[in-house]
Amino acid sequence: MSPNRTPDGLADGLDSLADALDDLALAYAQNPTTVGRLLTAHAATVTALDLAAVDYDATDATRAMRAAEAAGTREALLEQITGDQLADVIPLAAARTAQNGHSA
């Protein structure tokens, strides 16, 4: 199944990824210490999940726990890089939100 194309030629998924990367960059520029720590924590939990996925000795409970940890750090990171507080602080994010119709 191929992704849908937008009028500018980008695939919908790539457009969403570009928006997420923009949001992450803006959040990092605003608060590099917090966002950096959240990125590091998320990278550690994703690595642990990847290792559990290929470890033949890992139990289903261990894999589920690693998945939950990764989901938790992902949520914390997303909470930091999205939301009204970012749009209030960075006018560019607010302008992009108005243009694209989704939160920054």
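So the sequence shown is residues 1443 to 1546, counted in the working numbering.
Here a beta-carbon is modelled for each residue, glycine too, at the ideal position from N, C-alpha and C.
The structure displayed is predicted, hence computed values, not measured ones.
- A straight-line Cα-Cα distance of about 28 Å links residue 1522 and residue 1495.
- Rounded to the nearest whole angstrom, the CA to CA distance from residue 1474 to residue 1516 is 17 Å.
- Per DSSP, residue 1492 is one residue of the alpha helix (DSSP H) stretching across 1474–1496.
- With three or more CB-CB distances shorter than 8 Å, the region 1473–1490 counts as touching the region 1500–1516.
- Between residue 1480 and residue 1506, the gap from beta carbon to beta carbon reaches 8 Å or more.
- Straight-line measurement puts the Cα of residue 1508 at about 23 Å from the Cα of residue 1462.
- Secondary structure of residue 1503 (DSSP, three-state): helix.
- The alpha-carbon separation between residue 1520 and residue 1498 amounts to approximately 31 Å.
- Here residue 1524 carries a coil assignment [DSSP, helix/strand/coil].
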